[in-house]
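Novice: Sequential numbering from 324 applies to the sequence shown in the numbering used here.
Take this structure first; my questions come after.
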Amino acid sequence: MPRVSQEHSDARRRQILAAGRRCFAANGFHATSMQDLLREMNLSAGAFYRYFSGKDELINAIAEEAVDQAADDLAAFFAQEPLPPLPDLLAGVAGAGITPMVDRETQDVLMQIWAESMRAPELRKRVQAGFVTLLGLVADLMRRYRERGELPPDADPDACAQAVIGLIQGYLLQRSVMGLHDPEPFVTGVRTLLSPR
Numbered sequence: 324m325p326r327v328s329q330e331h332s333d334a335r336r337r338q339i340l341a342a343g344r345r346c347f348a349a350n351g352f353h354a355t356s357m358q359d360l361l362r363e364m365n366l367s368a369g370a371f372y373r374y375f376s377g378k379d380e381l382i383n384a385i386a387e388e389a390v391d392q393a394a395d396d397l398a399a400f401f402a403q404e405p406l407p408p409l410p411d412l413l414a415g416v417a418g419a420g421i422t423p424m425v426d427r428e429t430q431d432v433l434m435q436i437w438a439e440s441m442r443a444p445e446l447r448k449r450v451q452a453g454f455v456t457l458l459g460l461v462a463d464l465m466r467r468y469r470e471r472g473e474l475p476p477d478a479d480p481d482a483c484a485q486a487v488i489g490l491i492q493g494y495l496l497q498r499s500v501m502g503l504h505d506p507e508p509f510v511t512g513v514r515t516l517l518s519p520r
């Protein structure tokens, strides 16, 4: 039996993940059957099971990929130099090229991941690990703003980071679930709330 190259194996895994994302974005985790997945992937069950033990493992892999991509995109956005004023940075999230903000499929899958993590302990661990990483990144950023005097000297960077992440998650929820795709009201609201009077 000929050996499959690592490149072929990696490409097949990416194909399975992409097809899974399409199915789950269109129909949800629970309404998507293994038959739906195999049809979308154009694979036999045996070929699929070489890569994943089942639908739950596929969901976990897609979740990990989506959370990591969002964290990487946010890390790149927050790494701006020179660091802009805090209102500009936070208002800029809406127009940044952060994958969950610009890709509808990723938005829909991410919403399902958050919901599914309420009942799936393994998935919850993955989501929480991504959150902790992102929280640390944003807390470091909030320390820099505190040092610059844009936050009060006694500001708690971790508390500020939780609020910033909540702001981003809320905006993403509005885009995905509420269909509010125009970033301008968010940008205007953030600037108004954070700008000195």
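Where a beta carbon is used, it is the ideal one built from N, C-alpha and C, also for glycine.
To the nearest angstrom, report how far apart Ala-462 and Gly-369 are at their CA atoms.
Specialist: 45 Å
Novice: Determine, using beta-carbon pairs with one atom in the region 339 to 357 and one in the region 396 to 407, whether at least three such pairs fall under 8 Å.
Specialist: no
Novice: Alpha carbon to alpha carbon, how far is Leu-340 from Arg-442?
Specialist: 22 Å
Novice: Could you check what DSSP says for Gly-512 in three-state terms: helix, strand or coil?
Specialist: helix
Novice: Around the C-beta of Thr-515, are 16 or more other C-beta atoms found within 10 angstroms, so that it is buried, or is it exposed?
Specialist: exposed
Novice: Buried or exposed for Leu-464, please, with buried defined as at least 16 other CB atoms from any protein chain shown within 10 angstroms of its CB.
Specialist: buried
Novice: Leu-409 and Leu-517: beta carbons closer than 8 Å?
Specialist: yes
Novice: Which of the three DSSP states, helix, strand or coil, is assigned to Arg-336?
Specialist: helix
Novice: Verify whether the separation of the beta carbon atoms of Met-364 and Lys-378 is less than 8 Å.
Specialist: no
Novice: Short check: CB of Thr-422 to CB of Gln-403, under 8 Å?
Specialist: no
Novice: Under the rule that 16 or more other beta-carbon atoms within 10 Å means buried, what is His-501, buried or exposed?
Specialist: The residue you asked about is not His; residue 501 is Met in the sequence shown. By the neighbour-count rule (16 or more Cβ atoms within 10 Å), Met-501 is not buried but exposed.
Novice: Among the candidates Gly-351, Thr-456, Ser-376 and Arg-447, whose CA atom is the shortest distance from the CA of Glu-428?
Specialist: Gly-351
Novice: How is Gln-430 classed by DSSP in three states: helix, strand or coil?
Specialist: helix
Novice: Would you check if the distance between the CB atom of Ala-417 and the CB atom of Tyr-494 is smaller than 8 Å?
Specialist: Yes, Cβ-Cβ distance for Ala-417 and Tyr-494 is below 8 Å.
Novice: Cβ atoms of Leu-457 and Ile-436: under 8 Å apart, would you say?
Specialist: Cβ distance not < 8 Å, so Ile-436 and Leu-457 don't count as in contact.
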